[in-house]
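Worksheet: one structure, shown below.
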Amino acid sequence: MDLTDSLVLEEKLHNCTKEELIAKVKELQAHNVQLRSIIQKPGKHGGSNKSNKKELDFLK
1 MDLTDSLVLE EKLHNCTKEE LIAKVKELQA HNVQLRSIIQ KPGKHGGSNK SNKKELDFLK
């Protein structure tokens with residue numbers, strides 16, 4: 001996401017009602033739960049990928 005997209009998104013969020021923002025937060029929380037579930041699944045060979053795991057940086 002480039003700076004222009006980020007600014008457009010920020011403007012859209014500023015125009016949302018409190019209820020819309022709460023709904024978006026709940027949606028993102030549910031999405032994060034799904035992503036964590038995917039990350040925690042064992043690898044293709046039945047073993048865990050713990051040695052290959054690294055922290056994900058979602059701030060990029």
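By UniProt numbering, the letter at position 57 of the sequence shown is numbered 57, and the numbering carries on one by one without gaps. By construction, the Cβ of each residue, glycine as well, lies at the ideal position given by its N, Cα and C atoms.
Original post:
Using DSSP with H/G/I as helix, E/B as strand and the rest coil, what is Lys18?
Top reply: Looking at Lys18 - three-state DSSP - the assignment turns out to be helix.
Original post:
Do you know offhand how far Lys26's Cα is from Arg36's?
Top reply: Whole-angstrom Cα-Cα distance: 15 Å.
Original post:
Is Leu13 closer than 8 Å to Leu21 when the C-beta atoms are compared?
Top reply: Taking 8 Å as the Cβ cut-off, Leu21 and Leu13 qualify as a contacting pair.
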